[in-house]
Amino acid sequence: MTMQTQPNPETRFDRGAWLTLMVAIAWILYPLSASLLTMQFPSDGWGTIRTGADGTYRVTAHLADAPSPLQFDDVIVAVNGQALNAKDPSPLPPNLKVGQSVQYTIQRDGQRLDVEITLLKPGTAGYIYGLISRLQASPRDFIVATLSFLVVALAFFLRPRNLGARYLMAIFSFYFAIQWFGFGVTEMYAFTWPSLLIFFSSFTGASWGWYFFPSLALMPLAFPVVKAPLRRFPRLLPMLLYGIPFILSAIASALVIVTRDYGWTGLLVPVYIFPLVLTVISIFGSLIHNWLTLREPVARAQLRWVTLGLGGGLGIPFAVLLTALLTSTNNTFSGNVADYILWSILLLPISLAIAITRYRLFDIDLIIRRTLQYTLLTGLLALVYFGGVVILQGILGPLTGSANSPIVTVITTLSIAALFTPLRRRVQDFIDRRFFRKKYDAQQVLAAFALTARDETDLAALTGELQRVVQETLQPEHVSVWLRKQ
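Just so we're aligned, residue 3 is where the sequence shown starts under our numbering, counting upward by one.
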């Protein structure tokens, strides 16, 4: 009789999986189309952002391969002699045309300058030029977004019916699309566009509140096990989390067109704070509840991967960057810290993808053990090295007459080499006893059995000892030993 393995139902596409895929594709096409459309209207050919409540704009990106009197970090304070303010649209002349001249008053290096701007239409070539400029300025952001999306997409296609994979696909397809395609001409020229394009521009800017944070809040409720709120209200809960901010954002974007004031979207900040707070509660609440209640080995292994991803991919970058910003007055240092630590965001999609696909699922224990082991070992060896240098310099310095004797370096280096292996064993034993007690006890039992098997000559006694060892280490319901006759 042959046994047929049942196919994993999570590997087959259903209507929910196809809907998730269509939403992901839509998020890639939507900002790309909207950004390309904004490039088809006359502008100064630069990307800018508002600098504050005074309504001025700071120049951030060149979107056209054409000479311009503007430079990066210029601050535009007036147009045709009229000062910019946060309440009114930019005082641009009506019916702008390519080749038309507009006078800007800019702030550059503490000086006010009047410059003549010739309007142009960036077009598709300008979009490509702007994309290349952004890639050159910050390649890390694009690499992280691309690798994250590829890893998540692979997990989704391998487990399309897994609810966690769907929400993960929703989150990182949005992140990928906004990073790559979510830029265009500044809102300084927004009210020269058609009304529908103004609406979609405002609506897209609000998408972090009505799409990203609700998806992030639902993700911990869906994986590794579906939690009670989502299990009891599988349709109602997502509809509320997505629907309420969606409707309010649509109303605010419509009011932007009517009143010609982008301030309406700013009024929705408290509304967007709610899904952000709910995200934090959902993450911590689900993790704590899962750690206290999950007993199934696969689910607990998945939970460890989820914890690693959230802790390493979100917790560590947030803590390090917050510490750098609070303790350092050097912006260059803070920027360098950000350049390196933001790479750790990749831990989030990679860890969750492993947990979802169950590929080498139980390697998480080995990873945690090795990480703890070599982190502690590195710290101890560094302490020994620097402590040895200081002590030996104090002893040998007066004898050799040199403050930096090479003898000290040689002695401390040899000491480290001699200490590495025994110290590594002791650190590993300490970690196993403290954090992996069951595994440590099993290893001790097996080591004792190896000694018994080497010295024992009575087959009955050896068989009894084997049964005891199996019962103690594996704890099965029943143990039988079958001996083959020679």
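Ideal Cβ placement from N, Cα and C applies to all residues, glycine included. Just so we're clear, the structure is a prediction, and the values are computed from it rather than from any experiment.
Query: Give, in chain order, every unbroken run of the beta strand (DSSP E) that is at least 3 residues long and sits entirely within the segment 163 to 246.; Result: none
Query: Using 8 Å as the threshold, is the C-beta distance between L385 and R426 below it?; Result: no
Query: To the nearest angstrom, how far is it from the Cα of A420 to the Cα of V429?; Result: 15 Å
Query: Less than 8 Å between the CB atoms is what I'm expecting for I249 and S197, so what's the real figure, rounded?; Result: The pair is not a contact, with the Cβ atoms about 19 Å apart (cut-off 8 Å).
Query: Can you grab the Cα-Cα spacing for the pair R372 / L232, in whole Å?; Result: 36 Å
Query: Which of the three DSSP states is assigned to V392 in this structure?; Result: helix
Query: Does DSSP put S103 in a helix, a strand or coil?; Result: strand
Query: Would V104 be called buried (16 or more neighbouring beta carbons within 10 Å of its own) or exposed?; Result: buried
Query: I need the straight-line Cα distance from F335 to L115, nearest angstrom please.; Result: Only weak support is given to the placement of F335: the predicted model assigns it a pLDDT of 49, under 50, and the question is left unresolved by the model.
Query: Within 8 Å, do at least three Cβ pairs link the segment 17 to 32 to the segment 166 to 182?; Result: yes
Query: Hey, G268 and S37 are a contact pair by Cβ (cut 8 Å); roughly how many whole angstroms apart?; Result: That pair is no contact at about 22 Å.
Query: If we ignore side chains and look at the alpha-carbon of each, how far apart do L350 and D46 end up?; Result: 39 Å
Query: Give me the DSSP bridge partner(s) of G128.; Result: Partner(s): none; G128 has no beta bridge.
Query: Below 8 Å, how does it come out for the segment 191 to 208 and the segment 288 to 306: are there three or more Cβ pairs, yes or no?; Result: no
Query: Got a sec, what are the start and stop residues for the beta strand (DSSP E) R52 sits in?; Result: W48 to R52
Query: In whole angstroms, give me the CA-to-CA distance for T58 and G132.; Result: 22 Å
Query: In the DSSP assignment, what are the bridge partners of H64?; Result: W48
Query: Find out if the Cβ-Cβ distance for the pair P240, L220 is shorter than 8 Å.; Result: yes
Query: My assumption, with CB atoms under 8 Å, is that F310 sits in contact with S150. Please give the rounded CB distance.; Result: The amino acid occupying residue 310 in the given sequence is Leu; Phe does not appear at that position. Not a contact, Cβ separation roughly 15 Å.
Query: Answer yes or no: do A1 and T359 have a C-beta to C-beta separation smaller than 8 Å?; Result: Missing from the structure shown is residue 1; the chain here goes from 3 to 488 and no further.
Query: First and last residue of the beta strand (DSSP E) that includes L113?; Result: The residue asked about is misnamed: residue 113 is Gln in this sequence, not Leu. That run of the beta strand (DSSP E) goes Q113 to T120.
Query: For I78, report the span of its beta strand (DSSP E) as first-last.; Result: V77 to V81
Query: What does the alpha-carbon distance come out to for the pair L121 and A66?; Result: 11 Å
Query: Do R163 and R17 have their beta-carbon atoms positioned less than 8 Å apart in this structure?; Result: no
Query: V61 and F43: beta carbons closer than 8 Å?; Result: no
Query: Using the rule of at least 16 other Cβ atoms within 10 Å of the residue's Cβ for burial, across every protein chain shown, is M190 buried or exposed?; Result: buried
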